[in-house]
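Asker: Let me give you the structure first, and then I'll get to my questions.
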Amino acid sequence: NAGVMQNPRHLVRRRGQEARLRCSPMKGHSHVYWYRQLPEEGLKFMVYLQKENIIDESGMPKERFSAEFPKEGPSILRIQQVVRGDSAAYFCASSPLRGMNTEAFFGQGTRLTVV
Amino acid sequence: EDKVVQSPLSLVVHEGDTVTLNCSYEVTNFRSLLWYKQEKKAPTFLFMLTSSGIEKKSGRLSSILDKKELSSILNITATQTGDSAIYLCAVVYDTNAGKSTFGDGTTLTVKP
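Residue numbers (this note's numbering), protein chains in the order written: chain A, 79 to 193; chain B, 47 to 158.
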């Protein structure tokens with residue numbers, strides 16, 4: 079079991095470009111969570127998805143950010159028209175059960191740098 | 047507003063010392079509290095606590111939840127340099143929606 083796979087590990091974008099972050103959950107896991115970690119801060123919840131459904135997106139900024147978890151393929155976190163403040167580490171976690179009331183396994187993260 | 051507060055924010059000790067990290071929370075509909083260790087990259091799971099007063103133990107690490115005090119502690123005995131990391135506390139407070147809030151973490155540095 080390869081664990082939660084995120085790619086790319088590092089992503090550099092110029093202001094105004096789009097960033098696409100991918101997350102493949104662990105085998106058998108159908109619940110995916112995205113978190114953002116700013117320097118010197120903890121993990122901030124962004125969105126919780128199941129296959130083809132967004133369960134909770136209360137932590138997502140209202141504009142420019144979107145997430146999906148299609149029936150086939152990885153979950154995608156998309157940031158349009160990136161700004162410097164989007165620079166952060168984005169972590170994805172997956173779990174086998176509904177809700178995070180269990181051990182959730184994290185990917186290695188994608189470090190986004192906006193220049 | 048739901049929140050999780052960890053203390054201290056950072057801690058420097060020498061090998062062999064014992065440390066206690068704190069996590070306090072204010073959430074509605076508490077479900078569980080989880081501890082993670084974050085070194086270079088991804089947080090790795092340490093413990094999940096749901097019942098008050100029951101200690102979870104793994105080697106030199108142990109943790110206990112106090113629901114009355116809305117807090118948890120993580121103890122590390124006989125610290126080693128490899129324990130240097132950020133220790134994150136997360137509280138799950140709405141199982142159906144998968145909501146969890148993380149504290150800002152305690153950065154532990156263990157010097158030889």
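Glycine included, every Cβ here is placed at the ideal spot set by N, Cα and C.
These numbers were taken from a predicted model, which means no experiment stands behind them.
#1: Check whether chain A comes within 8 Å of V148 (chain B), counting only Cβ atoms and requiring the distance to be less than that.
#2: By a C-beta neighbour count over all protein chains shown, 10 Å radius and 16 as the cutoff for buried, is L55 (chain B) buried or exposed?
#3: Quick check: V161 (chain A) and Q95 (chain A), are their CB atoms within less than 8 Å of each other?
#4: Using the Cβ count rule (16 or more neighbours within 10 Å means buried), how would you classify H60 (chain B)?
#5: Whose C-beta lies closer than 6 Å to the C-beta of S102 (chain A) among residues of the same chain, with five residues either side of it excluded?
#6: Under a Cβ-count criterion, where at least 16 other Cβ atoms within 10 Å of its own Cβ denotes burial, should H20 (chain A) be classed as buried or exposed?
#7: Mind checking D150 (chain B): buried by the 16 CB within 10 Å criterion, or exposed?
#8: Is the Cβ of N89 (chain B) closer than 8 Å to any Cβ of chain A?
#9: Is G163 (chain A) close to chain B, meaning its C-beta is less than 8 Å from at least one C-beta of that chain?
#10: Taking the beta strand (DSSP E) that S108 (chain A) belongs to, which residues open and close that run?
#11: Do you know whose CA, among A:G120, A:F184, A:V192, lies nearest V110 (chain A)'s CA?
#12: Pull up the distance between the alpha-carbon of E101 (chain B) and that of H107 (chain A), whole angstroms please.
Answerer: This is what the structure gives:
#1: The amino acid occupying residue 148 (chain B) in the given sequence is Phe; Val does not appear at that position. Yes, because at least one Cβ of chain A sits closer than 8 Å to the Cβ of F148 (chain B).
#2: Around the beta carbon of L55 (chain B), a 10 Å sphere encloses fewer than 16 other beta carbons of the protein chains shown; the residue is thus reported as exposed.
#3: For the 8 Å CB-CB criterion, V161 (chain A) and Q95 (chain A) do not form a contact.
#4: Label assigned to H60 (chain B): exposed.
#5: Hits under 6 Å: M83, P152.
#6: The question about residue 20 (chain A) has no answer here: the residues shown for chain A are numbered 79 through 193.
#7: With at least 16 other beta carbons inside 10 angstroms of its own, D150 (chain B) counts as buried.
#8: Correcting the residue type first, residue 89 (chain B) is Pro in the shown sequence and not Asn. At a cut-off of 8 Å between beta carbons, P89 (chain B) contacts chain A.
#9: For G163 (chain A), the answer is no, since every Cβ of chain B falls outside 8 Å of its Cβ.
#10: In the DSSP assignment, S108 (chain A) falls outside any beta strand (DSSP E) and carries neither an H nor an E.
#11: The option with the nearest alpha carbon to V110 (chain A) is A:F184.
#12: C-alpha of E101 (chain B) to C-alpha of H107 (chain A): approximately 28 Å in a straight line.
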